DNA sequence: AGCCAGGCCCTCC
DNA sequence: GGAGGGCCTGGC
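Residue numbers (our numbering): 4 to 293.
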């Protein structure tokens with residue numbers, strides 16, 4: 004089935020830039036798991052070609068449009084955040100990289116797993132969580148698993164999570180899953196809350212600090228002003244903007260939100276992805292050159 | 001081998 | 001409230 008696309012779109016940058024952890028690329032196709040379906044996407048000249056199973060494509064199509072936020076006018080976002088030549092260059096490099104609208108629960112657990120880790124490992128951890136505790140999905144000879152529900156994950160327990168290689172994050176995942184099961188926090192309602200209120204609610208969860216909370220707000224809770232300051236973004240802000248001024252991470256976040264405005268989170272993602280890829284390229288060059 | 005990874009929590013001041 | 005250290009593990 005085809006989804007017509009008139010918006011700028013870079014599927015690789017969107018799906019493989021550390022927003023979501025379940026997408027794989029092969030032969031120009033991106034394979035993932037969404038809405039209890041195995042989903043395959045490809046960008047062609049007319050738009051997005053996609054297949055899904057086991058559900059009907061007509062049922063999944065609007066959900067996919069929502070997930071990719073194809074309604075967001077990216078050029079208007081760029082006009083809002085392009086405050087200087089350096090971020091303009093990062094935007095130009097990854098023009099079409101979109102911020103996803105993910106399921107808040109899956110997003111939350113994924114980013115609890117991300118702390119002091121790296122994307123290849125996070126990807127492996129999340130996939131292990133799914134295959135061990137999620138419902139299997141078989142379709143057309145391929146097999147993936149749904150992301151486990153809060154009940155399924157709360158039932159896992161810390162020790163079994165630790166055996167998946169989560170390290171000390173296992174306790175955070177178990178605790179947060181239990182909090183959600185207990186009904187102490189309803190993630191879905193956070194979309195209607197203000198940025199500040201939703202931030203406070205998330206930070207109360209075990210294993211969730213300012214950075215992780217801002218990731219969840221940005222990638223799943225309709226808060227485009229969220230600005231997660233991770234190690235890469237911290238470096239970039241220091242290199243490009245702060246000119247030797249030492250700021251604590253929350254102050255750095257606030258500074259960036261003031262500078263980049265209501266779509267600061269988009270600026271964040273371009274700064275992050277640009278620096279992360281630049282590092283990868285330069286290390287590859289070092290190896291081949293020595 | 002050793003450093004770093006999309007940080008968080010706890011302690012101490 | 002802010003700085004500093006510890007932390008599981010694996011990728012490179």
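Each residue gets a CB set at the ideal place from its N, CA and C atoms; glycine is no exception.
Every value quoted in this text rests on a predicted model; they were computed, and no experiment measured them.
{"Asked": "Does the contact criterion of 3 or more C-beta pairs under 8 Å hold for the region 201–213 versus the region 93–105?", "Found": "no"}
{"Asked": "In the DSSP assignment, find the unbroken alpha helix (DSSP H) run with residue 230 in it and report its ends.", "Found": "Premise fails: residue 230 is in no alpha helix (DSSP H) and is neither H nor E."}
{"Asked": "Could you tell me the distance, in whole angstroms, from the CA atom of residue 220 to the CA atom of residue 112?", "Found": "13 Å"}
{"Asked": "Considering only DSSP beta bridges, list what residue 258 is partnered with.", "Found": "DSSP, once it has assigned bridges, lists no residue as partnering residue 258."}
{"Asked": "With DSSP as the reference, label residue 87 as helix, strand or coil.", "Found": "coil"}
{"Asked": "Just list the residues that DSSP pairs residue 55 with in beta bridges.", "Found": "42"}
{"Asked": "Leaving aside the five residues before and after residue 145 along the sequence, list all residues of the same chain whose C-beta is less than 7 Å from its C-beta, in chain order.", "Found": "41"}
{"Asked": "In chain order, what residues of the same chain lie with their CB nearer than 7 Å to the CB of residue 258, ignoring the 5 residues before and after it?", "Found": "250"}
{"Asked": "What's the call for residue 139, buried or exposed, on a 16-neighbour Cβ count within 10 Å?", "Found": "exposed"}
{"Asked": "Out of 78, 18, 13, 57, which one is the CA nearest neighbour of residue 47?", "Found": "13"}
{"Asked": "Is the Cβ-Cβ distance between residue 227 and residue 183 less than 7 Å?", "Found": "no"}
{"Asked": "To the nearest angstrom, how far is the alpha carbon of residue 165 from that of residue 109?", "Found": "18 Å"}
{"Asked": "Give the C-beta separation of residue 168 and residue 121 to the nearest angstrom, bearing in mind that I take them to be a contact with Cβ-Cβ under 8 Å.", "Found": "Contact doesn't hold; Cβ gap of about 13 Å is too wide."}
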